[in-house]
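**Student:** The numbering used here runs 93 ahead of the 1-based position in the sequence shown. Ideal Cβ placement from N, Cα and C applies to all residues, glycine included. A quick note: this is a predicted structure, and the numbers were derived from the prediction, not measured.
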Amino acid sequence: MERKLYLTGASGLLGRAVRTKFAEEGWTVYGTALNRISPVLHRVDLNDNIAVEKSLSSFKPNYIIHCAAERFPDRVQADPNKAEQLNVGATKNLVELADKLSVPVLYISTDYVFNGKSPPFKVNDIPSPVNLYGELKLRGEEATLETSSRNAVLRIPVLYGPVEKLSESAVTVLLENLLNASQPQEVSNYEKRRPSHVNDIAEICFQMASKTLQGSNIQGIYHWCGKEKFTKYEMVLKMAGVFELPHSHITAAADPPQGTTTRPYDTTLDTSRLDALHIGQHTSFADGIHSALKGWIK
Ligand SMILES: NC(=O)c1ccc[n+]([C@@H]2O[C@H](COP(=O)([O-])OP(=O)(O)OC[C@H]3O[C@@H](n4cnc5c(N)ncnc54)[C@H](OP(=O)(O)O)[C@@H]3O)[C@@H](O)[C@H]2O)c1
């Protein structure tokens, strides 16, 4: 059977890694993007139902991974209607079209559906998002799971990997603090995160898709996160060690960041449902950050 993946958000931080992984494994990938079109990507505005329907019915995928979203919490807060249209409205449309074609959808979600107060969070724990981004992603999950029992949701933590600009990832942007050694820098030592390399998530998506096509029941909610827990300050110290960079200009801010969108404290996810399926891949933070950022160090 030909393996055909329809991938939204294929120009994004995660989508690029997912597209590469599936293409390397011999899948035919129809990657969609909005602004960052390239010879391997197709322009499909997910808010344009007719364009989505046309591209799906002509490509005839046997699996869909939905990565596209507005995923910067501050941008969601700044334009809630636009974010709702993409994160909820376009998701509903996509999963309804997929259901008509009997194609399973893997919806990429976030640890931000939880409030961060009682980790580790299990797949059946009740979500309670503390910001609008988390709320909208949760509504996207609900639409995905209510529309078809074929579908799955993969909740993931903060991501890093090869970036087009340092600000593309909440992890890689910290290198800017480190490199700006002439200025004293305060970095949050408060919220705890378990960053994942995008290649690890791409591998997990690949394993979930492969098992689905082999007939396994990969349905409902799954969790993944990195094994190592850091505050942003600890990530900066780790980067300083990996690249042998000075860090005496960096100080730890112990209190929650003020004046920004509220974020959950510790969103550690319980990965046992994927562990039981022997699905997973952990790149160590030191190795992952070295490969992601070595090109940015002069
Ligand atoms: N990044 C993280 O740390 C993180 C953490 C947890 C969960 N997630 C989830 O992981 C998924 C992937 O995130 P990411 O970091 O890869 O996102 P990203 O880098 O911001 O990429 C977003 C993607 O969505 C596309 N897009 C935006 N509006 C669109 C529209 N109207 N029609 C079609 N495509 C549109 C963008 O296309 P163009 O750029 O070409 O316009 C881009 O490919 C998201 O669902 C996110 O919620 C991310």
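Measure the beta-carbon distance from residue 244 to residue 197 and round it to whole angstroms, keeping in mind my assumption that it falls under 8 Å.
**Tutor:** With 8 Å as the limit, residue 244 and residue 197 qualify as a contact, their Cβ atoms being about 6 Å apart.
**Student:** Looking only at C-alpha atoms, which of 174, 391, 366 sits nearest to residue 338?
**Tutor:** Nearest C-alpha to residue 338: 391.
**Student:** Looking at residue 318 and ligand 1, is the gap between the Cβ and the nearest heavy atom below 7 Å?
**Tutor:** Every heavy atom of ligand 1 is 7 Å or more from the Cβ of residue 318, so no.
**Student:** Is any heavy atom of ligand 2 found at a distance shorter than 7 Å from the C-beta of residue 250?
**Tutor:** In the structure on display, ligand 2 does not appear, and the ligands it does have are ligand 1.
**Student:** Per the DSSP calculation, residue 214 is bridged to which residue(s)?
**Tutor:** 362.
**Student:** Determine which residues share a DSSP beta bridge with residue 392 and list them.
**Tutor:** As shown, the chain starts at 94 and ends at 391. That puts residue 392 outside it, with no answer to give.
**Student:** Three or more C-beta pairs closer than 8 Å, one from the segment 171 to 184 and one from the segment 134 to 148: is that the case here?
**Tutor:** Counting Cβ pairs under 8 Å, three or more are found: they touch.
**Student:** What three-state label does DSSP hand residue 295 in the structure shown?
**Tutor:** In this structure, residue 295 counts as helix in the three-state DSSP scheme.
**Student:** Do you know how far the Cα of residue 268 is from the Cα of residue 121?
**Tutor:** In a straight line, the C-alpha of residue 121 is about 36 Å away from that of residue 268.
**Student:** Which two residues bound the contiguous alpha helix (DSSP H) that contains residue 237?
**Tutor:** Element bounds for residue 237: 225 to 240.
**Student:** Please state if the CB of residue 345 and the CB of residue 291 are separated by a distance shorter than 8 Å.
**Tutor:** Not closer than 8 Å, so no.
**Student:** Just curious, the alpha helix (DSSP H) that residue 269 is in, first and last residue?
**Tutor:** Taken as a continuous stretch (DSSP letters only), the alpha helix (DSSP H) holding residue 269 covers 267 to 272.
**Student:** Residue range of the beta strand (DSSP E) that residue 156 falls in?
**Tutor:** Residue 156 -> beta strand (DSSP E) spans 156 to 159.
**Student:** For residue 216 and residue 315, which I take to be in contact (beta-carbon distance under 8 Å), what is that distance rounded to the nearest angstrom?
**Tutor:** With a Cβ gap of about 7 Å, residue 216 and residue 315 count as contacting.
**Student:** Roughly how many angstroms lie between the CA atoms of residue 203 and residue 95, to the nearest whole one?
**Tutor:** Spanning the two alpha carbons is a distance of roughly 30 Å.
**Student:** Taking contact to mean 3 or more Cβ pairs, one atom from each stretch, closer than 8 Å, check whether the segment 185 to 193 and the segment 121 to 136 are in contact.
**Tutor:** No, the segment 185 to 193 is not in contact with the segment 121 to 136.
**Student:** Is the segment 218 to 236 touching the segment 157 to 176 in the sense that three or more CB pairs, one from each, lie closer than 8 Å?
**Tutor:** The answer is yes - the segment 218 to 236 touches the segment 157 to 176, with three or more Cβ pairs under 8 Å.
**Student:** Is the beta carbon of residue 318 sitting closer than 8 Å to the one on residue 289?
**Tutor:** It is a contact, given that the beta carbons lie within the stated cut-off.
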